Amino acid sequence: MDSRVSGTTSNGETKPVYPVMEKKEEDGTLERGHWNNKMEFVLSVAGEIIGLGNVWRFPYLCYKNGGGAFFIPYLVILLNVYYIIVLAWALFYLFSSFTIDLPWGGCYHEWNTEHCMEFQKTNGSLNGTSENATSPVIEFWERRVLKISDGIQHLGALRWELALCLLLAWVICYFCIWKGVKSTGKVVYFTATFPYLMLVVLLIRGVTLPGAAQGIQFYLYPNLTRLWDPQVWMDAGTQIFFSFAICLGCLTALGSYNKYHNNCYR
139 MDSRVSGTTS
149 NGETKPVYPV
159 MEKKEEDGTL
169 ERGHWNNKME
179 FVLSVAGEII
189 GLGNVWRFPY
199 LCYKNGGGAF
209 FIPYLVILLN
219 VYYIIVLAWA
229 LFYLFSSFTI
239 DLPWGGCYHE
249 WNTEHCMEFQ
259 KTNGSLNGTS
269 ENATSPVIEF
279 WERRVLKISD
289 GIQHLGALRW
299 ELALCLLLAW
309 VICYFCIWKG
319 VKSTGKVVYF
329 TATFPYLMLV
339 VLLIRGVTLP
349 GAAQGIQFYL
359 YPNLTRLWDP
369 QVWMDAGTQI
379 FFSFAICLGC
389 LTALGSYNKY
399 HNNCYR
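The sequence shown finishes on residue 404 if you use the working numbering, and the numbering steps up by one all the way, no holes.
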């Protein structure tokens, strides 16, 4: 807000009135908060990029599009361009895993059907077909977690367990951002680094499983003929949008908390 000052000269004349501008903050982001340091911003962006799309969708696309050959269009597009309900499901699985016997590990639960089959324990010498057989994992997801109804005409009952997990997810998100960027900057020290730790754990577990060598070999010896398929390049471009969260506004919102004269090249 401007203020005006006036006075008189030595001969009694009135001085002209000039507006005096109050000193503004050099950085306009101080009013709405900003990152305490660059590391908080970098960790926030890293936590945004490492998501479900990269953990389970990227390996599927690699397998679908010729193994390691998929990295070529992916890197080409990467160099030229780049969820709450899912968290509720994750929390439900987390709570369900705190049991001696995992609920999706067998066909002896009340939600399992007569078509449930533990394929790893099935005797390969059995005669007959098992076209309608389903795994306990699928039945746990469809009949225990979601409790899918018969059709759109039957909405089904309210899943109170999922509703509570959804509420918990919103509460966690609230406390992560309730003080704005100050609290978010502290939370990302855990949320951005923990996924990398888990990926390392999954990597160690994955390479120790039977058939891991064949899987690694599949990626190291790509099928380059797949590069002539336009669908491969379309999948690579789509994955870039998932990875960089383009058009979702997340990176723009995170970057807006930097200082106005932030050096984005460092």
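Beta carbons: idealized from backbone N, C-alpha and C, even for Gly.
Just so you know, these numbers come straight off a predicted model, no measurement behind them.
Look up residue i in the DSSP assignment and say whether it is helix, strand or coil.
i	result
threonine 272	strand
cysteine 254	strand
aspartate 367	coil
phenylalanine 236	coil
tyrosine 312	helix
isoleucine 286	coil
glutamate 160	Reliability of the predicted coordinates at glutamate 160 is poor, the pLDDT of 44 falling under 50, and the value obtained from them is presented with this limitation in mind. Glutamate 160 falls in the coil class under three-state DSSP.
phenylalanine 277	Residue 277 is actually glutamate in this sequence, not phenylalanine. Helix.
leucine 296	coil
proline 211	helix
cysteine 303	helix
cysteine 245	coil
arginine 204	Inspection of the sequence shows that residue 204 is occupied by glycine rather than by arginine. Looking at glycine 204 - three-state DSSP - the assignment turns out to be coil, as it is neither helix nor strand.
lysine 320	helix
How about residue i and residue j: are their beta carbons less than 8 Å apart?
i	j	result
leucine 199	phenylalanine 208	yes
phenylalanine 236	valine 283	no
isoleucine 410	alanine 307	Here the chain has residues from 139 to 404 only, and residue 410 is not among them.
proline 274	cysteine 254	yes
alanine 226	leucine 304	yes
proline 360	glycine 205	yes
aspartate 405	asparagine 203	The structure shown has nothing for residue 405, since the chain only spans 139 to 404.
Less than 7 Å between the CB of residue i and some heavy atom of the ligand ZN, yes or no?
i	result
proline 348	Absent from the structure shown: the ligand ZN. Ligands present: none.
Within 10 Å of its beta-carbon, does residue i have 16 or more other beta-carbons around it, so buried, or fewer, so exposed?
i	result
glycine 243	exposed
tyrosine 201	exposed
isoleucine 310	exposed
glutamine 377	buried
phenylalanine 278	buried
glycine 349	exposed
glycine 289	exposed
glutamate 252	exposed
valine 224	exposed
lysine 162	Confidence in lysine 162 is poor, its pLDDT being 47 and thus under 50, which makes the residue's placement too unreliable to answer from.
asparagine 270	exposed
alanine 301	exposed
glutamate 248	exposed
glycine 323	buried
asparagine 265	Annotation note: pLDDT 49 at asparagine 265 (below 50); position unreliable, coordinate value reported separately. So asparagine 265 ends up on the exposed side.
glutamate 280	exposed
Residue range of the alpha helix (DSSP H) that residue i falls in?
i	result
arginine 195	No alpha helix (DSSP H) holds arginine 195; DSSP gives it neither H nor E.
proline 333	332–345
glutamine 291	No alpha helix (DSSP H) contains glutamine 291, which DSSP labels as neither H nor E.
leucine 358	350–358
Quick one: is residue i near chain B, going by C-beta distance under 8 Å?
i	result
threonine 331	Absent from the structure is chain B; it holds one protein chain and no more.
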